[in-house]
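A.B. asks:
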Amino acid sequence: MSCTYRNNYFESDEFLELALHSLSVIQVPLHTLGAYIIIMKTPNEMGKMKIPMLLVHLTFALYDIYTTTLAFPIIIFSICSGYSIGVLSSIGMPISIQCYIGLTLFLLYGPAVTMFFENRYNYLVRLDCDTSSRRFKRAVHYFINYFITLNVLMPSFINMPDQSVAREIALKKLPCLPLKIVNHPKFFMLGNEYLIFVCSGLFTMFVWTQIFFFFAKTVNFVFGIKSQSQRTTQLQRQFFIAVCIQVALPFVVIMIPACYILSTIYSKNFDIAFTNFSVIMITSHGLFATILMLLIHKPYRTETLKILGIKKFYKSNKVAVVRMPPCATQN
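For the sequence shown, the working numbering begins at 2 and goes up steadily by one.
1) I'd like to confirm the pairing. Which residues does DSSP put opposite M116 in its beta bridges?
2) Tell me the DSSP secondary structure of Y110 in three-state form.
3) On the DSSP bridge list, what partners appear for D272?
4) The alpha helix (DSSP H) that contains Y1, what's its start and end?
5) Measure the alpha-carbon distance for S25 versus T69 and round it to whole angstroms.
6) Using a Cβ-Cβ cut-off of 8 Å (strictly less than) and excluding sequence neighbours within five positions of F278, which residues of its own chain qualify?
7) On the CB-based measure, 16 or more other CB atoms within 10 Å of its CB, does M256 come out buried or exposed?
8) Measuring alpha carbon to alpha carbon, tell me which of I273, H286, K187 and I283 ends up nearest P179.
9) Since S85 sits in a beta bridge, which residues does DSSP pair it with?
10) Put M94 into one of helix, strand or coil per three-state DSSP.
11) Per DSSP, F189 forms a beta bridge with which residues?
12) Verify whether the separation of the beta carbon atoms of L106 and L71 is less than 7 Å.
13) For D129, report the span of its alpha helix (DSSP H) as first-last.
14) Using the beta-carbon count (16 or more within 10 Å), is D131 buried or exposed?
15) Using only the alpha-carbon positions, how far apart do A290 and S264 sit?
16) Does DSSP put I311 in a helix, a strand or coil?
17) What distance in whole Å lies between the Cβ atoms of P156 and G1, which are believed to be in contact at a cut-off of 8 Å?
18) Do you know offhand how far F207's Cα is from N45's?
19) So is C100 buried or exposed if we call it buried at 16+ other beta carbons inside 10 Å?
20) If I measure Cβ to Cβ from M54 and keep anything under 6 Å in the same chain, skipping five residues before and after, which residues do I get?
21) Note down the Cα distance separating L125 from N221, rounded to an integer number of angstroms.
22) Is L56 near A113, with beta carbons less than 7 Å apart?
Spelled out as structure tokens, the structure:
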């Protein structure tokens, strides 16, 4: 167990608050633009992806906005504790509820991406995609995913110690922890960090098993089909690759600080400067996702440039129509 405490500006609450405020100034209008583009400017050729695209976008946006405008979490990852300095703390919302909302909003990334790839699998691979039985099965699948997401961390919240006990445990596990953190009036601690690790690990396996299944089935179809025209096949492949890139970039942005967080849980090392930068980086993943979405898909890129008034880059070419299998076309 060790602490690295330099007593500089990057370790202060003021630095994290300023950084998150600055992010929110960029994120709120950008996420609003992204939602508008998806809702109002998605062409008919992308109609089947409109709801999944919007779901993923809103999942990123809600987490970003919650963290940068409402919560402002100061987190000690190594012992799964911390405190909040945001608006919600100022109005008296219990820290346990704030923590549950924040963690759940982050975990919602899992089912959102699962549904993203399930949508491609359903409308490209399945021949019964629009039947009543298939719709019912998909609804049950969605319900199970979101039910598990909303409840996966409940064991940790049920076992939360009260504040006085949490302070004792924190100092026992991390004796070098600065007293100004431990004695903060909003200080909290979740249940056993290994319980959180197990719950999160099982949830991750559950989500990635589904994503891999839908991804593999769709890749096999898109890159193995030979019954369509070469142009149609090429357009399908280009769109699927664009979708994969759109999902992969925010995942990479999250994984960099996530690896550091996992290492702190194992090593019990506390570095508040690195912790602050990790929170900032995780909170910025939605920003990268929105920018990439608006740039990588031609219809969105065209409409965004048009709205921004960048006339010299705007071309009024119509979007190429991708001829999909029967289930992939509009009803």
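Just so you know, even glycine gets a beta-carbon here, dropped at the ideal spot from N, CA and C.
Computed from a predicted structure; not experimentally measured.
C.D. replies: Well, looking at it:
1) Against the sequence shown, residue 116 aligns to sequence position 115. DSSP, once it has assigned bridges, lists no residue as partnering M116.
2) Taking the sequence shown and counting its residues from 1, the one referred to as residue 110 is at position 109. Correct three-state label for Y110: helix.
3) The residue labelled residue 272 in the question sits at position 271 within the sequence shown. The partner list for D272 (beta bridge, DSSP) reads T5.
4) Limits of the chain in this structure are 2 at one end and 332 at the other, which puts residue 1 out of reach.
5) Within the sequence shown, residue 25 is the residue found at index 24, counting from 1. Within the sequence shown, residue 69 is the residue found at index 68, counting from 1. Taking the straight line from one Cα to the other gives about 6 Å.
6) Looking up residue 278 in the sequence shown gives position 277. For F278, same chain residues with a beta-carbon under 8 Å away, outside a window of 5 residues either side, are F11 and P258 in chain order.
7) Mapped onto the sequence shown, residue 256 falls at position 255. Answer is exposed; the Cβ neighbour count stays below 16.
8) The count along the sequence shown starts at 1 and reaches residue 179 at position 178. Of the listed residues, the one whose Cα sits closest to P179 is I273.
9) What you label residue 85 is simply residue 84 of the sequence shown in a count that begins at 1. DSSP output for S85 lists P74 as bridge partner(s).
10) Position 93 of the sequence shown holds residue 94. The answer is coil: DSSP assigns M94 none of H, G, I, E or B.
11) As a working mapping, residue 189 is identified with position 188 in the sequence shown. Answer is G83, bridged to F189.
12) Numbered from 1 along the sequence shown, position 105 holds the residue referred to as residue 106. Numbered from 1 along the sequence shown, position 70 holds the residue referred to as residue 71. The answer is no: Cβ separation not under 7 Å.
13) Position 128 of the sequence shown, counted from the start, is the residue given in the question as residue 129. Counting along the chain, D129 falls outside any alpha helix (DSSP H), and DSSP gives it neither H nor E.
14) Stepping through the sequence shown from its first residue, residue 131 is reached at position 130. Burial call: exposed.
15) Here the question's residue 290 lines up with position 289 in the sequence shown. Here the question's residue 264 lines up with position 263 in the sequence shown. Pairing A290 with S264, the inter-Cα distance amounts to about 26 Å.
16) Taking the first residue of the sequence shown as position 1, residue 311 is located at position 310. Per DSSP, reduced to three states, the secondary structure at I311 is coil, with no helix or strand assignment.
17) Residue 1 is absent from the structure shown; the chain starts at 2 and stops at 332.
18) Translated into the one-based positions of the sequence shown, residue 207 becomes position 206. Translated into the one-based positions of the sequence shown, residue 45 becomes position 44. Those two C-alpha atoms are separated by around 33 Å.
19) In the sequence shown, residue 100 corresponds to position 99, counting from 1. Classification for C100: buried.
20) On the sequence shown, position 53 is the one that residue 54 refers to. Closer than 6 Å at Cβ, skipping near neighbours: I39.
21) Within the sequence shown, the letter at position 124 stands for residue 125. Within the sequence shown, the letter at position 220 stands for residue 221. C-alpha separation (whole angstroms): 11 Å.
22) As a first step, residue 56 is located in the sequence shown; it is residue number 55 there, counting from the start. As a first step, residue 113 is located in the sequence shown; it is residue number 112 there, counting from the start. For the pair L56 and A113, the CB atoms are nearer than the 7 Å cut-off.
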